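Everything on this sheet refers to the single structure shown next.
See the structure below:
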């Protein structure tokens with residue numbers, strides 16, 4: 004479940020929304036305004052599923068981020084579209100409850 008730092012940096016650079024990250028359990032967790040919005044596992048981006056995110060994406064591909072996890076939205080080639088990815092992270096963050 005390891006990630007290349009170059010891939011993590013690329014994803015962070017693509018999301019122009021003040022996203023922070025933390026390495027945890029061999030993967031990387033992405034936060035927006037203190038909320039977990041995504042995971043990076045095996046150099047793939049997984050967005051936390053929300054109804055707003057599903058609407059934004061349209062046809063979603065769902066997959067577990069790691070063995071035993073629930074399904075997340077797996078982001079493919081759209082990862083290269085800064086505006087689109089930033090929008091997805093924003094609608095996901097807005098749909099999630101405030102952290103405890």
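Residue numbers (my numbering): 4 to 103.
By construction, the Cβ of each residue, glycine as well, lies at the ideal position given by its N, Cα and C atoms.
Here the structure is a predicted model, which means the values were calculated and not measured.
{"Item": "Given this structure, state the Cα-to-Cα distance separating residue 93 from residue 62, to the nearest angstrom.", "Value": "18 Å"}
{"Item": "With H, G and I counted as helix, E and B as strand and the rest as coil, what does DSSP make of residue 10?", "Value": "helix"}
{"Item": "If you draw a straight line from the C-alpha of residue 37 to the C-alpha of residue 80, how long is it?", "Value": "26 Å"}
{"Item": "Output yes or no for whether 9 Å exceeds the beta carbon distance between residue 75 and residue 52.", "Value": "yes"}
{"Item": "Need the endpoints of the alpha helix (DSSP H) that residue 60 sits in, please.", "Value": "54-60"}
{"Item": "Buried or exposed for residue 5, please, with buried defined as at least 16 other CB atoms from any protein chain shown within 10 angstroms of its CB.", "Value": "exposed"}
{"Item": "Where residue 57 and residue 23 are concerned, what is the direct C-alpha to C-alpha distance, given to the nearest angstrom?", "Value": "23 Å"}
{"Item": "Give me the residue from 54, 78, 88, 82 with the minimum Cα distance to residue 98.", "Value": "54"}
{"Item": "According to DSSP, what are the bridge partners of residue 75?", "Value": "66"}
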